[in-house]
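The structure under discussion appears below in the form of structure tokens.
There are 2 protein chains.
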Amino acid sequence: MTTEELLESVHELNRRDEIDGILIQLPLPPQVDEKKVLLAVSPEKDVDGFHPVNVGNLSTKRPGLVPCTPAGCIEILKRSAIAIEGQNAVVVGRSDIVGKPVAMLLLNHNATVTVCHSKTRDLPGLCRTADILVAAIGRPGFVTRDFVKPGAAVIDVGINRITDKAEFEKFFKGNAQRERQFAEKGSTLVGDVHPQVAEVAGALTPVPGGVGPLTIAMLMSNTVKAMKLRRGQAKPQMVGSR
Amino acid sequence: MTTEELLESVHELNRRDEIDGILIQLPLPPQVDEKKVLLAVSPEKDVDGFHPVNVGNLSTKRPGLVPCTPAGCIEILKRSAIAIEGQNAVVVGRSDIVGKPVAMLLLNHNATVTVCHSKTRDLPGLCRTADILVAAIGRPGFVTRDFVKPGAAVIDVGINRITDKAEFEKFFKGNAQRERQFAEKGSTLVGDVHPQVAEVAGALTPVPGGVGPLTIAMLMSNTVKAMKLRRGQAKPQMVGSR
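One line per chain: the protein sequences are W and A, in this order. Going by our numbering, the first sequence opens with residue 766, and the numbers climb by one from there. Going by our numbering, the second sequence opens with residue 766, and the numbers climb by one from there.
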């Protein structure tokens, strides 16, 4: 498959009125110009929310499609009845996919938001100022107890597969279920947050089973939203009823 | 002038190849749909940098046009040889025109960035953690000495005209030049930062004469950049030479 063939498919899906959402599943084959293909998706069908138009819409609070994982983080806070407004939120990581959009969403929900990254000084100290701490860096168990203020809500976006026995024991030694899983499969998943954080946090999303499933749910939610936005409808119309 | 007439003008300017930059001078007459007119400006000629596409480009570090006042803030730091990378930057205010884009620019320059606003708890305390403090709220002299860590760089984006004698004296009593000006004109300009902050800050941009002139300069810089981006040129070509 060439870039041109893929672009042609995207253009056709853009044109077809019965298609409400388009998602480019990455990675694409090496010969394909990934950037070009992603930009070709019509912003109004961009259920990933990655198109610059949707990024701009999020920042300026215009109606648009919001990236799924960040939207899932907000959803989890809301459903857990954790206040956002007026709280100090610290986001570790500044990727286009999670860090920046989740920071923007928290700001739009009236949190005071700090974005940290590899150049941040005294990262643990800064993270300890957080009422809401979001870890999205892709480093297994990087956020340890000393990063977390007692009672803080911690959202662990990282999903890291570990296969090394010594690394496994650092995180899960004495956890019978995980030890059984690791013995059977030779691997297990750990987030960016060290499991010990559960002892100090007021709330902590599990990995697996926390933000991950929410991401998929938000993708479906975005697809319905895309349909509503495109048709100017206040209420969703069932896809099957067309 | 109707919305339709104005849209027609914008469309024509979008089409004309010899036009590199378009700026909609606000406010527009009340009968005109301001939002619609602003969105009609082609993103590649949007020298204000307010179009969602350019907002998205800034957030995702794609080439694009950056809002002038935020770009001026960065320029002033660079020209003053004030380091940004690894510094704690606090932005007070989260407008689409200044607060959010300047936060994004500081983040892109590797600062650790916190965005504060009316819902922020202990605003003075948070501001005192800043190595770089940006005030963009539009409230005369709001940022007082107790907001500022000794030696911090303070960028005052506010431009507020004061006409009340008592308010004037709160800021400028004993300042002969300002008193003469106020007596002559009946008004003077004050930033969002109280003049006393000069006694504690390591650097402070004056109002007037600080960020204001930089905004105009960045508008010209954006116009040249727009030309280069649109023509895919590495080096600018003089407009007069076409």
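Note that the Cβ used here is the ideal one computed from N, Cα and C, for glycine as well. From a predicted model like this one, the values you see are computed outputs, not experimental measurements.
Counting only Cβ-Cβ distances below 9 Å, S824 (chain A) has contacts in chain W at P817, V820, G821, L823, S824, D861, K865, P866 and M869, in chain order.
Distance check between R995 (chain W) and each of W:L803, W:V812 and W:D798 places W:V812 closest, using alpha-carbon atoms only. For T988 (chain A), the enclosing alpha helix (DSSP H) stretches over residues V976 to R996.
Residue state for A895 (chain W) is assigned as coil, using DSSP reduced to three classes.
Neighbours of L872 (chain A) across chain W, judged by C-beta separation under 7 Å: R859 and V880. Here V955 (chain W) is actually not in contact with I920 (chain W); their C-beta atoms are around 15 Å apart, not less than 8 Å. If you check the CB distance, A854 (chain W) and A876 (chain W) come in under 7 Å. In the three-state reduction of the DSSP assignment, L778 (chain W) falls in the helix class, which pools H, G and I. The alpha-carbon separation between K865 (chain W) and G821 (chain W) amounts to approximately 12 Å. Shortest Cα-Cα distance from G951 (chain W) to any of W:L891, W:N940 and W:K930 involves W:K930. From the beta-carbon of G851 (chain W), the residues of chain A found nearer than 9 Å are K884, T885 and R886.
Per DSSP, the continuous beta strand (DSSP E) segment holding V955 (chain W) begins and ends at T953 to V955. For K801 (chain W) against L772 (chain W), the beta-carbon gap comes to about 7 Å, under 8 Å, which counts as contact. Around the beta carbon of G974 (chain W), fewer than 16 other beta carbons lie within 10 angstroms, which makes this residue exposed.
Spanning the alpha carbons of P905 (chain W) and V922 (chain W) requires a straight line of approximately 11 Å. With a cutoff of 7 Å on beta-carbon distance, V962 (chain W) and V913 (chain W) are scored as near each other.
Taking 7 Å as the threshold, the shortest C-beta distance from T877 (chain W) to chain A falls below it.
For L969 (chain W), the three-state secondary structure derived from DSSP is strand.
Shown here, T768 (chain A) sits in a helix according to DSSP, grouped into three states. Residues of chain A whose Cβ lies closer than 7 Å to the Cβ of R827 (chain W) are, in chain order, P817. Contact between the region 844-852 of chain A and the region 888-899 of chain A is established, with three or more Cβ pairs separated by less than 8 Å. One Cα belongs to E809 (chain A), the other to P828 (chain A), and the distance between them is close to 10 Å. Counting other Cβ atoms within 10 Å of its Cβ, T953 (chain A) reaches 16 or more and is therefore classed as buried. Considering only A:R844, A:N819, A:Q796 and A:P794, the residue with the shortest C-alpha distance to V806 (chain A) is A:N819. DSSP places I902 (chain A) outside both helix and strand once states are collapsed to three, so it counts as coil.
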